[in-house]
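At position 176 of the sequence shown the residue is numbered 426 (my numbering), and the sequence of numbers has no breaks.
Cβ coordinates follow ideal geometry from the N, Cα and C atoms, glycine included.
Every value quoted in this text rests on a predicted model; they were computed, and no experiment measured them.
One structure is given below, encoded as structure tokens.
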Amino acid sequence: MRFEFEHLGTPTPFELTEGHHLLGGGPEDHVHLEGLPPGLLTLRIDSGRLMVEAVRSFTVNAVRVLPGVSRLVVPGEVLGLPDGMCLRVLAEPSAPERGVGTIAVLKGLLTDADAPPSRAASLTCLTGLDVGRCHALAEACTDIGRGDGMALRLRDRAVSRMHARIRREDSGFVLEDLGTPNGVFLNGVRLESPAPLADGDVLELGRSLLRFQAAFDEASGKALPVPRPLVAFEDAPADAATPRAPEGAPRRLEGWLIAGAVALVLGALLATLLLTATG
């Protein structure tokens with residue numbers, strides 16, 4: 251896996267193989283990066299999936315990660331480190347750099363390569379006991395929490411039994427806090443009122459981080475629009491139905507027209523005969 255460490259405007263590229271790697275500025279660190287505190291980062295690379303944990307708080311794409319929390323990181327994301335330093339996780343040369351590439355790489359890391367791609371919007375757990383779990387937002391309303399009745403149940407003691415809700419609306423998906431003491435954070439900012447979700451947004455509930463992914467169409471390379479709920483035919487009001495003409499009405503009308511035409515022709519012939527006889 252390829253990385254790039256940047257300090258004082260100077261990038262330092264390096265690569266790591268699968269396994270556990272300790273990054274920092276100390277002599278015991280496997281990867282010595284000048285300027286970092288000793289033993290700052292622990293990187294675990296397993297089957298192409300990268301998990302990052304730190305002894306101090308850091309950020310991933312400007313979203314804070316608490317110390318001791320193991321966080322899934324995908325190619326294209328940037329780790330913010332102390333004193334303005336950063337660590338970039340680079341995409342492989344054969345993979346696209348961003349946008350479609352990030353979504354495709356994430357799907358490849360978390361799902362079976364032979365499985366058909368999901369056309370539904372989804373939430374992917376980035377931290378905690380549920381890391382790597384992907385939940386499709388197929389319902390009109392998805393409740394998230396620690397309780398038994400939640401559509402998306404998180405095994406996180408810092409998460410309330412009923413913590414957050416995601417509603418599907420005509421314009422997209424909306425996130426709201428269900429009045430929890432720990433609150434809901436969207437991209438590192440505490441949610442004060444319901445807010446719309448955009449592709450790639452990171453939700454923070456307790457000690458759990460989840461990434462929102464919009465529905466994706468691989469053919470067009472664009473996010474799919476949110477489908478409007480369809481009204482079943484049997485639910486339509488009776489007076490809204492279009493009245494249907496009786497089945498035999500067209501044939502009866504056709505018969506009357508033919509009879510009228512015949513009567514007109516006979517009337518014209520009779521008038522002609524009468525004029526001839528009188529003349």
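Which of helix, strand or coil does DSSP assign to residue i?
{"i": "ASP333", "result": "helix"}
{"i": "SER458", "result": "strand"}
{"i": "THR267", "result": "coil"}
{"i": "HIS257", "result": "strand"}
{"i": "GLU219", "result": "Missing from the structure shown is residue 219; the chain here goes from 251 to 529 and no further."}
{"i": "LEU453", "result": "strand"}
{"i": "HIS413", "result": "coil"}
{"i": "ARG407", "result": "coil"}
{"i": "PRO288", "result": "coil"}
Residue i lies in the beta strand (DSSP E); which residues open and close that run?
{"i": "GLU303", "result": "299–304"}
{"i": "LEU373", "result": "372–375"}
{"i": "GLY438", "result": "Here GLY438 belongs to no beta strand (DSSP E), and DSSP marks it neither H nor E."}
{"i": "GLY395", "result": "391–395"}
{"i": "LEU291", "result": "291–296"}
{"i": "ALA386", "result": "384–386"}
Would you say the beta carbon of residue i comes nearer than 7 Å to a heavy atom of the ligand PLP?
{"i": "LEU379", "result": "Absent from the structure shown: the ligand PLP. Ligands present: none."}
In this structure, what does DSSP give as the bridge partners for residue i?
{"i": "GLY274", "result": "HIS282"}
{"i": "ARG252", "result": "GLU265 and LEU340"}
{"i": "PRO446", "result": "VAL424"}
{"i": "LEU402", "result": "ILE394"}
Can you round the beta-carbon distance between residue i and residue j to whole angstroms, since I take them to be within the 8 Å contact cut?
{"i": "ASP406", "j": "SER458", "result": "5 Å"}
{"i": "VAL313", "j": "ASN437", "result": "6 Å"}
{"i": "THR309", "j": "VAL315", "result": "7 Å"}
{"i": "LEU286", "j": "MET335", "result": "7 Å"}
{"i": "LEU455", "j": "HIS413", "result": "5 Å"}
{"i": "GLY269", "j": "GLY289", "result": "At roughly 16 Å, the Cβ-Cβ gap does not stay under 8 Å, so GLY269 and GLY289 are not in contact."}
{"i": "PRO446", "j": "PHE423", "result": "7 Å"}
{"i": "ASN311", "j": "VAL328", "result": "6 Å"}
{"i": "LEU266", "j": "LEU293", "result": "7 Å"}
{"i": "ARG418", "j": "LEU428", "result": "With 8 Å as the limit, ARG418 and LEU428 do not qualify as a contact, their Cβ atoms being about 17 Å apart."}
- Item | Those runs of the beta strand (DSSP E) which lie wholly inside the segment 309–333 and span at least 3 residues | 313–315, 321–323 and 328–330
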